[in-house]
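Each protein sequence line maps, in turn, to chains A and B.
Just so you know, we're using numbering that gives the first Met the number 0 here: the first sequence kicks off at 0 and counts up by one.
Just so you know, we're using numbering that gives the first Met the number 0 here: the second sequence kicks off at 0 and counts up by one.
There are 2 protein chains.
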Amino acid sequence: MNDRVSDDSTKDRILDAAESIFAEKGFKGSSVRAITEKAGVNIAAVNYHFSSKTGLLEAICDRRLIPLNKLRSERIKGILSEAEKSKTTPRTKEVLRAFIEPTMKLKETEPGAKDFIAFIGRAFNDPDGTARDVFLKFMKPMAELLYRALSAALPDMPKELLFWRLQFAMGAFGHTMQGDMTGALKAFGIEADTKVSPLEMLLDFMTAGMESTYK
Amino acid sequence: MNDRVSDDSTKDRILDAAESIFAEKGFKGSSVRAITEKAGVNIAAVNYHFSSKTGLLEAICDRRLIPLNKLRSERIKGILSEAEKSKTTPRTKEVLRAFIEPTMKLKETEPGAKDFIAFIGRAFNDPDGTARDVFLKFMKPMAELLYRALSAALPDMPKELLFWRLQFAMGAFGHTMQGDMTGALKAFGIEADTKVSPLEMLLDFMTAGMESTYK
DNA sequence: GTCTATATGCCGATAGAC
DNA sequence: GTCTATCGGCATATAGAC
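Put into C-alpha cells, the structure is as follows:
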C-alpha cells in the first residue's frame, strides 16, 4: 500500500498532468490528447483507467477534494462542538479560517496541488455544465456545513442575507484561488510585499463583509 | 439612423443569440452553429458579418461593455472631481456604487442585457484564453480608473492591500453577476424575499470588506 | 447579403494486435 | 496494460452559386 497522493504509475501521471492542464485551460478547453501527451502516456490510457474524460475529472476530485473537505469539516465540526460545550457563539472569522486555511496549506505543501486549487477556484464559475456539476456534487455537504456554522456564528442575521453574503464571500475566495495575481500587481505598478499574507487579507475582508452593519 | 441597441437586422439577431448562448455555455462551449440556428440565420452569416467567432465576441463587447463602462466612468469621474472641488475624500461606498449600479440597471432595463451581464460575470474567470483576453482588453482602462478612485477614498491604505481587496471585491461581484441564485437559495431551504436588494447587500459587503480594520 | 456545399482539422472514444 | 489505427461527430471557416 502506498499512501502518497502521487507516484509514478500511469494513473497518477495522468492525474498530475490533467490537474495542471485543467487548471490552465478549463475542463472543456483541455483535450485528452494534450493530457496524455504531457503525461507521456498513450492516448488510450485515459479511457482505459478512467472510462471517460468526465471519469478522469471525478478521479481528480476524489484524490484532492475529498481529503481537503475532510480537513475543513473536521475543523468546523470542532468549532461547533466547542461552542456548544461552552454555550458560546462561534467566531465568524474562525469558521471562515477553518474553511480556507486548509486550502492554502494544501497549495503550499503538496506539489501540484496548486494546479488543483486554481482549477476548483474556477470550476465554481466554469460555464461547462459537466465540470460545474461534478464540482458541486463534491462540494454540496461541505457547503451545507459551512452555512450551518456561519448560521451559528451569526444567529440573528436573516437567513437570506446570510446566504447572499456567503455567496459574495465564496466569489471572493474562488476568484483569489484561480491563478496568481503577480502580473496584475505589476500592471498596477505595485510592488509585491511578501510580508503580507493573502490568507489574512482575505479573512479580514470576508469577516468584515459577513459581519457588516454598514449603513 | 437607429440608436436602439438591437433591431431586426441579421447582425443584431446574431448578437442577441450569441449573448444568450455565450452566457449559458461560455465562449468555448458555444458553437457558431448553435448561435446561427437560434438567430434563425445561415451559418455563414457570422463569418460574413464578424469575420470570426472572436470577432463576434468583440462586437458583443462593443455593443454593451463600451456604453456600460462609459456610464461607470462618468459617475466615478464625477465623484472624483467633486471630492477635489470640496477638498474631501470620496466615500468608498459611493465609488463602488458608481461601478456596480449601472450594471444592475442595465440588467433590469435592457432586454437581453442580463445574458450579457451573466457572461461577463464569468468571462472574468473564464479559463478560455480568447474570451478572457478580449474581456480584459475592454476592461483595462475601467479597472485603472476604479483603482484610482478607491485610492482616493482610502488614501492611507497600503497600495498592495488596496489592490488585493479590490480583487476580492471584484471576485464577489463577478460571481454574483453570473446566473441567478434562485436554485441555490431553494437548495438551502431559504425563502427568497423580494424586499431585499442584492445590489445593496453586495455594496454593504464590499464596503465593509474594503474598509475593514478587523483584527 | 444569403445560401449550399465542402475543406480541413481536432475531438472523445474504441477495436483489436501485441 | 499499452499500443496503433481509426470511427463518427462536430468544430470553424470558406468558396462560389444565386
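Cβ coordinates follow ideal geometry from the N, Cα and C atoms, glycine included.
Computed from a predicted model, the values in this text were never measured in an experiment.
Point to revise | DSSP state of Ala-191 (chain A) mapped onto helix, strand, coil | key: coil
Check your understanding: Do the stretch 36-46 of chain A and the stretch 8-27 of chain A make contact, defined as three or more Cβ pairs closer than 8 Å?
Key -> yes
Exercise for review: Under 8 Å by Cβ, that's how I've got Met-176 (chain A) and Ala-82 (chain A) pegged, so tell me the actual separation to the nearest angstrom.
Suggested key: Met-176 (chain A) to Ala-82 (chain A), Cβ: 28 Å. No contact.
Check your understanding: By DSSP, does Ala-17 (chain A) sit in helix, in strand, or in coil?
Key -> helix
Practice item. Determine the burial state of Glu-107 (chain B): buried for a count of at least 16 other Cβ atoms within 10 Å of its Cβ, exposed for fewer. Key: exposed
Check your understanding: Does Ala-207 (chain A) come within less than 8 Å of chain B when only Cβ atoms are used?
Key -> yes
Exercise for review: Examine the Cβ distances between the stretch 196-203 of chain A and the stretch 18-31 of chain B and report whether three or more of them are shorter than 8 Å.
Suggested key: no
Review point. Is the stretch 70-79 of chain A close to the stretch 88-100 of chain A, with three or more CB pairs under 8 Å?
Key: Touching, yes.
Practice item. Give the DSSP-derived three-state secondary structure of Gly-208 (chain A) in the structure shown. Key: helix
Point to revise | Whole-angstrom distance between Phe-187 (chain A) and Trp-163 (chain B), CA atom to CA atom | key: 11 Å
Practice item. Return no unless some Cβ of chain A is closer than 8 Å to the Cβ of Gly-182 (chain B). Key: no
Exercise for review: Using a Cβ cut-off of 8 Å (strictly closer), state whether Leu-145 (chain B) contacts chain A.
Suggested key: no
Exercise for review: Please state if the CB of Ala-130 (chain B) and the CB of Ala-142 (chain B) are separated by a distance shorter than 8 Å.
Suggested key: no
Review point. Short check: CB of Asn-124 (chain B) to CB of Asn-124 (chain A), under 8 Å?
Key: yes
Review point. Within this structure, are the beta carbons of Phe-49 (chain B) and Ala-38 (chain B) separated by less than 8 Å?
Key: no
**Study point:** Nearest-angstrom Cα separation, counted from His-174 (chain B) out to Glu-190 (chain B)
**Key:** 21 Å
Review point. If we ignore side chains and look at the alpha-carbon of each, how far apart do Arg-74 (chain A) and Lys-104 (chain A) end up?
Key: 14 Å
Check your understanding: Interface residues of chain B around Val-195 (chain A) at Cβ under 9 Å?
Key -> Pro-157, Glu-159, Leu-160, Trp-163
Point to revise | Local Cβ density within 10 Å of Pro-126 (chain A), reported as buried at 16 or more and exposed below that | key: That one is buried.
Exercise for review: Give the interface partners of Met-141 (chain A) over in chain B, defined as CB-CB distance under 7 Å, in chain order.
Suggested key: Neighbours of Met-141 (chain A) in chain B, taken as residues whose beta carbon is under 7 Å from its own, are absent, since the nearest beta carbon is some 13 Å off.
Check your understanding: Is there a Cβ from chain B that is less than 8 Å from the Cβ of Asp-127 (chain A)?
Key -> Output row for Asp-127 (chain A): interface = yes.
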